[in-house]
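Peer 1: Supplied in structure tokens, the structure appears directly below.
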Amino acid sequence: MIKKYAHLNEELFTEKVYRDYAEDLLERMTNPYLDDTIERAARDPQRKLGENDRIFGTMKLAKEYGIEPVNMAKAAEAGMKYLAKFAKVNV
182 MIKKYAHLNE ELFTEKVYRD YAEDLLERMT NPYLDDTIER AARDPQRKLG ENDRIFGTMK
242 LAKEYGIEPV NMAKAAEAGM KYLAKFAKVN V
């Protein structure tokens with residue numbers, strides 16, 4: 182996103198803002214008082230694993246800008262495994 186929107190010269194698309202956002206997100210995700218479940222985060226896996234949605238869409242954008250989406254590939258793998266397990270339960 183930083184590279185894609187660099188031409189806008191907006192503070193929102195800077196490494197510092199993204200780093201701060203990521204740190205805040207990790208802090209919220211690991212906060213035991215928020216009681217956010219894996220089940221809620223993994224809800225609607227077929228949509229989230231869609232070609233242009235959260236995971237694969239982000240991977241495509243990264244590749245477009247010469248970034249190897251290693252961590253997103255791990256997320257995709259985990260999502261596909263979850264989806265396969267989910268499909269077996271609901272057959």
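Sequential numbering from 182 applies to the sequence shown in our numbering. Backbone N, C-alpha and C define an ideal beta-carbon position, used for all residues, glycine too. On a predicted model such as this, the values are computed, not experimentally measured, just so you know.
(1) Any contact between the segment 224 to 233 and the segment 205 to 212? By contact I mean 3 or more CB pairs, one from each, below 8 Å.
(2) Classify Ala268 as buried or exposed, calling it buried when 16 or more other Cβ atoms lie within 10 Å of its own Cβ.
(3) Is it the case that the Cβ atoms of Ala257 and Ile236 are separated by a distance below 7 Å?
(4) Quick check on Met240: buried or exposed, where buried means 16 or more other Cβ atoms within 10 Å of its Cβ?
(5) Can you tell me where the alpha helix (DSSP H) holding Thr239 begins and where it ends?
Peer 2: Taking the coordinates as given:
(1) no
(2) exposed
(3) yes
(4) buried
(5) 235 to 245
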